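For the sequence shown, position 73 (counting from the first letter as 1) is numbered 73 according to the UniProt record's numbering, and the numbering increases by one without interruption. Note that beta-carbon positions come from the ideal geometry of N, C-alpha and C, so glycine has one too. Every value quoted in this text rests on a predicted model; they were computed, and no experiment measured them.
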Amino acid sequence: MIPEALTSWRRIRLIARSAAVLLVVRLGLRVARLPQVLRWLHRDVVPRQQDLPTLTELAYYTDRWLALFPANPNGNCLPRAVALYRLARAYGFPVRFQCGVQRQGTQLGGHAWLLMEDRALLESTNQWAQFAVTFSFPPDGAAGREAIASIGRPDSSLSA
1 MIPEALTSWR RIRLIARSAA VLLVVRLGLR VARLPQVLRW LHRDVVPRQQ
51 DLPTLTELAY YTDRWLALFP ANPNGNCLPR AVALYRLARA YGFPVRFQCG
101 VQRQGTQLGG HAWLLMEDRA LLESTNQWAQ FAVTFSFPPD GAAGREAIAS
151 IGRPDSSLSA
């Protein structure tokens, strides 16, 4: 059995980590375009055992921070998905960030989510499946690695 003091410190560390990543995401999205922010936050998947309970706990704390400090009155899916993209990859999950649109009456609605092996990760509903994907990160294969490296360069068509 783990002593309660250690679980308290672990919880504090996870709360602080989710807050720090979310702060970087929120500031990054104010000064740069989404592909650039994802490139800044991108890391290769850390070779470690996937820890879904810890990642789920980090998602919970991220959701609580976004409830306290909402990014958008229409929803927090974009900063949530970007923050969880960073955290999931750090915990060994080879996730992809996805954005999509869906017709909602006379307007378009958007959503952002994480995919792993063609299934949504940390989504409470299957709402994501109804959206047409408009952006996915990271790009696939060797061409994708070149695209990640080129985002933000003055001559990059992806930075526009």
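Going by beta-carbon coordinates alone, are residue i and residue j separated by less than 8 angstroms?
i       : j       : result
Val-37  : Leu-29  : yes
Leu-68  : Arg-80  : no
Trp-113 : Gln-102 : no
Ala-132 : Gly-100 : yes
Arg-64  : Gly-92  : no
Leu-84  : Thr-62  : yes
Pro-94  : Val-45  : yes
Which residue from the options puts its Cα closest to that of residue i?
i       : options                             : result
Arg-13  : His-42, Thr-54 and Arg-43           : Thr-54
Gly-110 : Asn-72, Leu-121 and Pro-94          : Asn-72
Phe-135 : Thr-106, Glu-57, Val-82 and Leu-122 : Val-82
Ser-18  : Leu-34, Arg-86 and Leu-114          : Arg-86
Ala-88  : Thr-56, Ala-32 and Pro-35           : Thr-56
Tyr-60  : Pro-138, Arg-11 and Met-116         : Arg-11
Cys-77  : Ala-16, Ser-8, Gln-127 and Thr-7    : Gln-127
Leu-115 : Pro-35, Phe-137 and Ile-15          : Phe-137
Using three-state DSSP, classify residue i as helix, strand or coil.
i       : result
Gly-105 : coil
Ile-15  : helix
Gly-28  : helix
Ser-136 : strand
In this structure, what does DSSP give as the bridge partners for residue i?
i       : result
Arg-96  : Leu-115
Gly-110 : Val-101
Straight-line CA distance for residue i to residue j?
i       : j       : result
Val-25  : Thr-106 : 31 angstroms
Gln-130 : Glu-123 : 13 angstroms
Asp-140 : Arg-43  : 14 angstroms
Leu-52  : Leu-108 : 33 angstroms
Ile-15  : Ala-90  : 16 angstroms
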